[in-house]
Structure formats: C-alpha cells, structure tokens
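Notes to accompany the following structure.
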Amino acid sequence: MRPLNHTGPGQSADFVCSDFARQVARIKAGLAEPLVRVGNLAPERDFSDVRDIIRAYGLAVTMDRPRGEVCPVFNLASGRAVSIRWVLETLIRIAGVDIRVEEDPSRLRPVDIPRIVGDARKFQEATGWRPRLTIERTLEDLLDHWFAVEQPN
C-alpha cells in the first residue's frame, strides 16, 4: 500500500493541513493574533482523508488472493491535486475570520516538488474502493477537531 498525502481529525500539527487548521482555530478562539505563518503555498498535493485510507487498508487485508501471493503495490490517492494556498484559503473561509498570511523563511523547504497527484485506479479496480470524503469535508472536520482542542476552558 502506498498512500499519498492524507490528513484528517486528530492529525499532528507537524503536517501542513493540520498546522494551518490549528493556527486558524487558535485565531478564532482568540488565543493568537490574526496571522498565519506559512512556507511555500504554490505546491499542489493530492490529499485524501485518513478515514478513507483506513477503509482502504481494511479492504486490502481482506482481498482474495492465492495463498502465499504477495499483495501488489497499490497507490491510495484521491486523484485530485489542490494547492497548499487553496487549503489555507479554504480553512480561513470555513472559519469565517480575517487573517493575514505571512511567509516564514523557516518554513520554506530547499526543494519543493511543484505537483504530486496519485492514480488509485489499480486499487479501485481490485476492490471497488473510492474516496468517500471530499477534501472540503476533511478540512471542515480537521478544523472542528482543532476548535475543540484549542477552546479556552
């Protein structure tokens, strides 16, 4: 199994979608100034919801195959790339807050692949699996997760 980028509720803020969601949630909760610090927003990535990836793993372990046959390599992906900028803008729109965006040199990578998008047709044909959750829904749920975590008591 080869999952591409995936995200969702409960993901560590060490990853871009969750990091942005946490920053936006803290701003909405009044715990941070209305400023999000970012790296390069131009790259495009194929994000899947972790709940869809978990479902795919469940299908993979129950696939019929001859005894002793190794499971082939399957890509797990949505097949749709969105820019990191789009992810941030979507989270800000969902939260309904005015936020300034500032590039932080410490968040820039020396090399950033411009576009990564996957093709999961092989796995889809073998199992019937398809992503059920849109990236928009995933980002809503991720933001809700961080709202719950960051709410002042």
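Mind the numbering: the sequence shown is residues 1028 to 1180 in this note's numbering, read in order. Quick reminder that beta carbons are idealized off the backbone N, C-alpha and C, glycines included. Please read these numbers as outputs of a predicted model, since none were measured by experiment.
- In this structure, Q1050 sits away from L1169, with a CB-CB distance that is not shorter than 8 Å.
- Excluding five sequence positions before and after I1119, the CB atoms of its chain that fall closer than 7 Å to its own CB belong to V1051 and I1126, given in chain order.
- Three or more pairs of CB atoms, one per stretch, sit closer than 8 Å, so the stretch 1100-1120 contacts the stretch 1143-1162.
- With respect to the C-alpha of E1060, the residue from K1149, E1152, T1161 and V1128 having the closest C-alpha is V1128.
- Collapsing the DSSP output to three states places L1062 in a strand.
- Exclusion of the five residues before and after F1047 leaves L1115 and L1118 as the residues of its chain whose Cβ lies within less than 6 Å of its Cβ.
- When DSSP states are grouped into helix, strand and coil, L1166 belongs to the helix group.
- For the pair H1033 and V1100, the CB atoms are not nearer than the 8 Å cut-off.
- With a minimum length of 3 residues, the unbroken runs of beta strand (DSSP E) contained wholly in the stretch 1071-1142 fall at 1127-1130.
- Per DSSP, the unbroken alpha helix (DSSP H) holding D1046 starts and ends at V1043 to K1055.
- When the alpha-carbon of V1176 is set against those of A1122, R1053, V1109 and L1166, the nearest one is in R1053.
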